[in-house]
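Set out below in structure tokens:
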């Protein structure tokens, strides 16, 4: 992974942190206006691999080991995000840019999805990271990354992740054209088709979001049933609420933390590295799960991470995590990251995260007490149902 970092630094031209650095127009003007100006790339050309040498590097192993004696999944998410960025840059080929010159583009993570944790990761064995571009739009691309671990001669898949990346020009952050991609095998054709299907699904999900449309009739009935279960049957008043047995109010599951974003956590473009924020959110979600039932939660899936605005260096990020839905022995945890700029004194909603964990079967059921919490409950329910649907289709994740 260290070689991946050095390759990125040489491609992007990372410099010492300078908050007032300005991009030059000269190289920006060399960027293409259409995809026809660029060579068509193959998946093989963006493929790469790297290793996390845990078995031979004691200092590295110490950084990656959790209190439970397993590998910290947050650390792996940092590596996945870094590697996905490396793959995306490797795909982009601009003939007008001389070899060795800095590429005048910025590639940012828009979303991360379909991360199923298939194996408990052990810190005594090396981890192999592989990936390639699997779908391309005009200014965006999707990268698939795998993690494997070789244990006792057998290579076991830990997880697979899909990163949707956006390409921007470094001068004014307008869209930048990326190379088209072609399939060379039936398997690659299937990957491209899957990318188009996910694009359509993202558009459909956005249109049906509870931030835009009212809940369905079924969802309204679900919320009304929960509301009725919280009424005090001894009175005739709607505002006399009682907590049902084996339940916990949603507001009582919330945990939060503040993160000070120092320059050491920046990426190649003097913004805070997305992988660092993912690690912080994942570790907060684990705490939320543990505090809900005082038992060790097992991460099953990261179903959706959305990056809406970049986080500035020096920002104070307020991360808040809540259990939004429970079913059987599974819980949905929703984490938000709000960044407050210490320079502009403004706060922006930057990132949202969705995690699925497995807990004990007798855990407490989460109950919303307000309309806002009811919408969070329904969104968590949708996330959980999507996880179930994906598991049934692909045979991974929830059983």
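In full-length UniProt numbering, the protein residues as written are 1 to 399.
Here a beta-carbon is modelled for each residue, glycine too, at the ideal position from N, C-alpha and C.
Annotation: residue 98 is outside any alpha helix (DSSP H) and is labelled neither H nor E by DSSP.
Scanning its chain for C-beta atoms nearer than 8 angstroms, with the 5 sequence neighbours on each side dropped, one finds around residue 178 the residues 35, 38, 91, 92, 136, 137, 138, 139, 140, 141 and 167, in chain order. The DSSP assignment places complete beta strand (DSSP E) segments of no fewer than 3 residues inside the UniProt domain "HotDog ACOT-type" (251 to 363) at 255 to 260, 298 to 307, 316 to 327, 330 to 340 and 347 to 358, in order along the chain.
With fewer than three CB-CB distances shorter than 8 angstroms, the region 343 to 352 does not count as touching the region 234 to 241. One thing to note: residue 313 has its Cβ within 8 angstroms of the Cβ of residue 263.
A Cβ-Cβ distance of about 18 angstroms is found for the pair residue 333 and residue 307, leaving them out of contact under the 8 angstroms criterion.
Judged by beta-carbon spacing, residue 78 lies within the 8 angstroms limit of residue 278, meaning their Cβ atoms are closer than that value. DSSP places residue 228 inside the alpha helix (DSSP H), whose first and last residues are 217 to 229. Bounds of any beta strand (DSSP E) do not take in residue 173, whose DSSP letter is neither H nor E. If you draw a straight line from the Cα of residue 32 to the Cα of residue 132, it is about 23 angstroms long. With distances taken between CA atoms, residue 106 lies nearest to 175 out of 162, 163, 338 and 175. DSSP, read as helix, strand or coil, puts residue 72 in coil. In this structure, DSSP gives residue 151 an extended state, which the three-state scheme calls strand. Using a Cβ distance threshold of 8 angstroms, residue 253 and residue 335 do not count as a contacting pair.
Three or more beta-carbon pairs separated by less than 8 angstroms link the region 146 to 160 to the region 100 to 118, which places the two stretches in contact.
When the beta-carbon positions are compared, residue 42 and residue 189 stay at least 8 angstroms from each other.
Here DSSP, grouped into helix, strand and coil, assigns residue 181 to strand. Residue 100 counts as exposed, since fewer than 16 other C-beta atoms from the protein chains shown sit within 10 angstroms of its C-beta.
The C-beta distance from residue 305 to residue 111 rounds to 6 angstroms, short enough to fall under 8 angstroms.
Counting only the Cα atoms, residue 287 lies some 26 angstroms from residue 149. Excluding sequence positions up to five before and after residue 206, its CB lies less than 6 angstroms from no other CB in the same chain. The C-alpha of residue 224 lies about 20 angstroms from the C-alpha of residue 212. A Cβ-Cβ separation of about 18 angstroms leaves residue 274 out of contact with residue 7 under the 8 angstroms criterion. Taking 8 angstroms as the cut-off, the Cβ atoms of residue 243 and residue 249 count as close. Closest by C-alpha distance to residue 269, out of 53, 104, 229 and 146, is 104.
C-alpha of residue 61 to C-alpha of residue 75: approximately 11 angstroms in a straight line.
According to the DSSP assignment, residue 241 belongs to no beta strand (DSSP E), since it is labelled neither H nor E. Residue range 186 to 207 is occupied by the alpha helix (DSSP H) that includes residue 188, with no beta strand (DSSP E) assigned at that position.
The three-state secondary structure of residue 388, taken from DSSP, is helix.
The Cβ atoms of residue 56 and residue 125 do not sit closer than 8 angstroms to each other.
Contact between residue 325 and residue 377 holds: their C-beta atoms lie close to 6 angstroms from each other, under 8 angstroms.
In this structure, the straight-line span from the alpha carbon of residue 169 to that of residue 94 is close to 13 angstroms. Per DSSP, reduced to three states, the secondary structure at residue 110 is strand. By the criterion of a C-beta distance shorter than 7 angstroms, residue 284 is surrounded in its chain by 255, 257, 319, 321 and 335, once the five residues flanking it on both sides are discounted. If you look at residue 128, you'll find it in the beta strand (DSSP E) that goes 127 to 136.
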